[in-house]
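K.L.:
Handing you a structure now.
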Amino acid sequence: MRDNIKKILYIILLIWTVIALFIVYKKVEFPFVYEFVVSYVICLLLVGLYSLITILLNMRKLNWRTMRKILIKFIIISFAFWACNVLFTYLTKGELILVNKILSSIIASFGLTFGELIFFKKDIA
Numbered sequence: 461m462r463d464n465i466k467k468i469l470y471i472i473l474l475i476w477t478v479i480a481l482f483i484v485y486k487k488v489e490f491p492f493v494y495e496f497v498v499s500y501v502i503c504l505l506l507v508g509l510y511s512l513i514t515i516l517l518n519m520r521k522l523n524w525r526t527m528r529k530i531l532i533k534f535i536i537i538s539f540a541f542w543a544c545n546v547l548f549t550y551l552t553k554g555e556l557i558l559v560n561k562i563l564s565s566i567i568a569s570f571g572l573t574f575g576e577l578i579f580f581k582k583d584i585a
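Numbering of the sequence shown is given in this note's numbering, commencing with residue 461 and proceeding in unit increments.
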């Protein structure tokens with residue numbers, strides 16, 4: 461039952477994302493558009509907070525060996541994203557800025573490595 465609620469929540473969020481992107485990029489002008497986009501951002505923050513709490517609670521169930529593998533994977537992917545981002549920026553703009561892209565790389569790698577813990581049922585080995 462709980463898994464169905466999670467799936468429905470993420471499907472609704474996906475549909476809401478498509479509608480919000482359509483509204484923003486097509487510059488739709490209706491009286492309720494501003495409230496819709498603000499409520500979407502609030503919902504996005506709440507789902508992100510729920511996902512973060514779920515990940516942290518499911519991390520407690522892991523043994524140390526599995527946790528170590530996940531953390532090493534997180535560090536490697538984070539560094540790889542950062543390096544690719546810096547390289548791409550250097551090749552396209554000709555600027556070598558090292559510290560601008562760190563946060564986005566960490567967030568993306570966190571989502572990739574720890575995202576599977578949202579739907580965690582048993583030990584990931």
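Glycine is no exception: its CB is placed at the ideal position from the N, C-alpha and C atoms. The structure presented is a predicted model; accordingly, all values stated were derived computationally and were not measured.
Could you please give the first and the last residue of the uninterrupted alpha helix (DSSP H) stretch that includes N518?
P.N.:
493–519
K.L.:
Less than 8 Å between the beta carbons of W542 and S565, yes or no?
P.N.:
yes
K.L.:
Going by CA-CA distance only, name the one from I535, V497, N464, T526 that's closest to I483.
P.N.:
V497
K.L.:
Quick one: Cα of G546 to Cα of K553, how far?
P.N.:
Sequence inspection shows Val at residue 546; the Gly mentioned does not correspond to that position. Taking the straight line joining both Cα atoms gives about 10 Å.
K.L.:
Which same chain residues, not among the five before or five after S499, have their C-beta less than 6 Å away from its C-beta?
P.N.:
Spatial neighbours of S499 in its own chain (CB-CB distance under 6 Å, excluding positions within 5 residues in sequence) are not present.
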